[in-house]
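S.K.: Chains A and B supply the protein sequences, listed in that same order. The first sequence maps to residues 1073 to 1273 in my numbering. The second sequence maps to residues 35 to 217 in my numbering. My questions all concern the structure below.
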Amino acid sequence: MGFINGSASLVRFSVEGELPENTWDFIAERVKAFSFEDIDDTYDEYSIGWVSVLNMFDSDFAFGSYAAGDYVTLTLRIDERKVSQPILKKFCAKEEERIKKERQLPKIGKAMKMEIKERMHTELLRKSVPMPAVYDLCWNLGESTLLFFSTNRKAQAQLEDFFKETFGLLIMQQIPYVTAEHLLDEDQSYRLAGIGPEILV
Amino acid sequence: MDLVDLMEEKRFLGQEFLTWLWWKSEERGGSIFLPDRGDITVVFEKHMLLEYGDGESSEKLICSGLQTELQEARTGLLMGKKLEQARIQLVHAEQEWNFTLAAAMMEFRNVKLPKTAATEAGANADPEETEGMILERIYLFEELVRLVNELFRQYLQIRVGDEWLEERQKLRNWVNGSVKKAS
């Protein structure tokens, strides 16, 4: 849901820095290098990468399908294995009981508790299915602006880091004050810097 | 100043703009004149969120209802609360957007685009048609941002200009008078 169909939530970023002259070749190479790798059949905890906005299983981008006119459209896919706390707690307690019985121990020491917790966490992590999350973006190359289709702060931070890693470019969220600086001339921007909240009653 | 500090210190700017926009939309029955665009219609729909204070000590007030005059929201303004979110209908050149503007961070939430043949069709097997649909949706998202930015520019130019004192007085009169008017 979002960019391609239905209703969408979005925030704006500016893209800071210059792209090389062979822009599309550079983008093709970088997108491919940072495309999403599936972790369903591995024990990896985390994977982040680019997929097609039309299909979250397409990370090959046949025929440069991320390009639309002067725009780059991509989906950031993040798969993560997680163990929920109540489940971890339950399996730790179960294992502690088993060991107490087996070794005839009245109590389990702190160090052993830690070891059990770590072991259970690893075991449960391996059994868990990676949870996928997808976030669309649309990068306007002509204006160096980017629409990101999520208002989730964590996702925005992940985008900032991964976009920089992929393209070597910084993105800056266009909060009202930053947008205002783009909309006003120099003199007006200077005056804007000096204003504080107004009482409207 | 870095972005995090700017977010905090200038948080009021977006909220003040949204309050100004509410007043502006009521001033001429929903119609606002934009110099390069002509009249655009801005209607505040019946869902708003106001806030008061910062961080953990902040209070939030949600007002919604179909057949209301948003009396609580108007009283909230009078109590010094800031308008943080509002559901807005925006009409320009026979195209209608519906969206919630979250003011402090300028987030566009639950944006419903104008209905066009391409946006209704969705993706299909033809890559050219799909690209056309994508480009049309991009245009409509960007057009919404451009229109809101034009409104924001209008507010900003007044806000940093000499006419702000007069504008502020009108805004205050509206805040003070709108509760009585609605009751």
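Built from N, CA and C at the ideal position, the CB exists for glycine as well.
Using a beta-carbon distance below 9 Å, is residue 1014 of chain A in contact with chain B?
M.R.: What is shown of chain A runs 1073 to 1273, which leaves residue 1014 of chain A out entirely.
S.K.: With three or more C-beta pairs closer than 8 Å as the rule, is the segment 50-64 of chain B touching the segment 203-212 of chain B?
M.R.: Touching, yes.
S.K.: Ends of the beta strand (DSSP E) at residue 1273 of chain A?
M.R.: Counting from 1 along the first sequence, the entry for residue 1273 of chain A is found at position 201. Counting along the chain, residue 1273 of chain A falls outside any beta strand (DSSP E), and DSSP gives it neither H nor E.
S.K.: Pick helix, strand or coil for residue 150 of chain B, following the three-state DSSP scheme.
M.R.: Along the second sequence, read from residue 1 onward, the residue named residue 150 of chain B stands at position 116. If DSSP states are grouped into helix, strand and coil, residue 150 of chain B belongs with coil.
S.K.: Determine the contact status of residue 1112 of chain A and residue 1201 of chain A, defining contact as a CB-CB distance below 9 Å.
M.R.: To locate residue 1112 of chain A, count along the first sequence from 1; it is residue 40. To locate residue 1201 of chain A, count along the first sequence from 1; it is residue 129. Taking 9 Å as the Cβ cut-off, residue 1112 of chain A and residue 1201 of chain A qualify as a contacting pair.
S.K.: Runs of 4 residues minimum, wholly inside the segment 1157-1211 of chain A: which ones carry the alpha helix (DSSP H) assignment?
M.R.: With a minimum length of 4 residues, the continuous alpha helix (DSSP H) runs that stay inside the segment 1157-1211 of chain A are 1157-1175, 1182-1199.
S.K.: Could you name the residues of chain B that residue 1083 of chain A contacts, counting a contact when the two beta carbons are closer than 8 Å?
M.R.: For the purposes of this step, residue 1083 of chain A is taken as the residue at position 11 of the first sequence. Result: 139, 140, 141, 142.
S.K.: Among the residues of its own chain, which have a CB less than 8 Å from the CB of residue 73 of chain B, if the five just before and after it don't count?
M.R.: Here residue 73 of chain B refers to the residue found at position 39 of the second sequence. Contacts found: 65, 66, 67.
S.K.: Is the Cβ of residue 122 of chain B closer than 9 Å to any Cβ of chain A?
M.R.: As a first step, residue 122 of chain B must be located in the second sequence, where it is residue number 88. Not closer than 9 Å to any Cβ of chain A, the Cβ of residue 122 of chain B fails to qualify, so no.
S.K.: Just checking: is the beta-carbon of residue 48 of chain B within a distance shorter than 9 Å of some beta-carbon in chain A?
M.R.: Position 14 of the second sequence, counted from the start, is the residue given in the question as residue 48 of chain B. Closer than 9 Å to some Cβ of chain A, the Cβ of residue 48 of chain B qualifies, so yes.
S.K.: Report the residue from B:76, B:117, B:192 whose alpha carbon sits nearest the alpha carbon of residue 87 of chain B.
M.R.: Counted from its first residue, the second sequence places residue 87 of chain B at position 53. For residue 87 of chain B, the nearest C-alpha among the options comes from B:117.
S.K.: Please state whether the Cβ-Cβ distance between residue 1256 of chain A and residue 190 of chain B is less than 9 Å.
M.R.: Counted from its first residue, the first sequence places residue 1256 of chain A at position 184. Counted from its first residue, the second sequence places residue 190 of chain B at position 156. The answer is yes: Cβ separation under 9 Å.
S.K.: Does the CB of residue 76 of chain B have a neighbour CB from chain A at under 9 Å?
M.R.: Taking the second sequence and counting its residues from 1, the one referred to as residue 76 of chain B is at position 42. Not closer than 9 Å to any Cβ of chain A, the Cβ of residue 76 of chain B fails to qualify, so no.
S.K.: For residue 146 of chain B, which residues of its own chain have a beta-carbon under 6 Å away from its beta-carbon, when the five flanking residues on both sides are left out?
M.R.: Start at 1 with the first residue of the second sequence, and residue 146 of chain B comes out as number 112. Around residue 146 of chain B: 132.
S.K.: In chain B, which residues lie less than 9 Å from residue 1275 of chain A when you measure between Cβ atoms?
M.R.: Missing from the structure shown is residue 1275 of chain A; chain A here goes from 1073 to 1273 and no further.
S.K.: Give the range of the beta strand (DSSP E) segment to which residue 1095 of chain A is assigned.
M.R.: Mapped onto the first sequence, residue 1095 of chain A falls at position 23. No beta strand (DSSP E) holds residue 1095 of chain A; the alpha helix (DSSP H) holding it covers 1095-1105.
S.K.: With distance defined between alpha-carbon atoms, name the residue in B:49, B:185, B:187 nearest to residue 114 of chain B.
M.R.: Position 80 of the second sequence holds residue 114 of chain B. Nearest option by C-alpha distance: B:49.
S.K.: Chain A beta carbons: is any one of them nearer than 9 Å to that of residue 60 of chain B?
M.R.: The residue you call residue 60 of chain B lines up with position 26 of the second sequence. It does not: the Cβ of residue 60 of chain B has no partner Cβ on chain A nearer than 9 Å.
S.K.: Check whether the segment 1244-1261 of chain A touches the segment 1084-1091 of chain A, counting contact only when three or more Cβ pairs, one atom from each stretch, lie closer than 8 Å.
M.R.: Yes, the segment 1244-1261 of chain A is in contact with the segment 1084-1091 of chain A.
S.K.: What span of residues does the beta strand (DSSP E) with residue 1115 of chain A cover, start to end?
M.R.: Residue numbering aside, residue 1115 of chain A sits at position 43 when the first sequence is read from its first letter. Segment: none, residue 1115 of chain A is in no beta strand (DSSP E) and carries neither H nor E.
S.K.: Using DSSP with H/G/I as helix, E/B as strand and the rest coil, what is residue 1241 of chain A?
M.R.: As a working mapping, residue 1241 of chain A is identified with position 169 in the first sequence. Of the three classes helix, strand and coil, the one that applies to residue 1241 of chain A here is coil, per DSSP.
S.K.: Just to check my reading of the structure: residue 140 of chain B and residue 1217 of chain A have Cβ atoms closer than 8 Å, yes? What is that Cβ distance to the nearest angstrom?
M.R.: Taking the second sequence and counting its residues from 1, one reaches residue 140 of chain B at position 106. Taking the first sequence and counting its residues from 1, one reaches residue 1217 of chain A at position 145. Contact flag wrong, Cβ pair sits at about 13 Å.
S.K.: Strictly below 7 Å CB to CB, what residues from chain B border residue 1263 of chain A?
M.R.: In the first sequence, residue 1263 of chain A corresponds to position 191, counting from 1. Result: 194.
S.K.: Does residue 1210 of chain A have its Cβ less than 9 Å from a Cβ in chain B?
M.R.: In the first sequence, counting from the first residue as 1, residue 1210 of chain A sits at position 138. So yes, residue 1210 of chain A belongs to the interface.
S.K.: What I want to know is whether the C-beta of residue 1237 of chain A ends up closer than 8 Å to one or more non-hydrogen atoms of the ligand SAM.
M.R.: The ligand SAM is absent from the structure shown, which contains no ligands of any kind.
S.K.: Which residues, taken in chain order from the segment 1080-1107 of chain A, show a beta carbon closer than 9 Å to some beta carbon of chain B?
M.R.: Per Cβ criterion, the list reads 1080, 1081, 1082, 1083, 1084.
S.K.: Please list, in chain order, all residues of the same chain as residue 1115 of chain A whose beta carbon is under 7 Å from its beta carbon, the five residues on each side excluded.
M.R.: Taking the first residue of the first sequence as 1, we reach residue 1115 of chain A at position 43. Once the five neighbours on either side are set aside, the close Cβ partners of residue 1115 of chain A are 1198.
S.K.: By Cβ distance, which residues of its chain are closer than 6 Å to residue 1227 of chain A, with the 5 residues on each side in sequence left out?
M.R.: Position 155 of the first sequence, counting from 1, holds the residue named residue 1227 of chain A. Taken in chain order, the residues that qualify are 1207.
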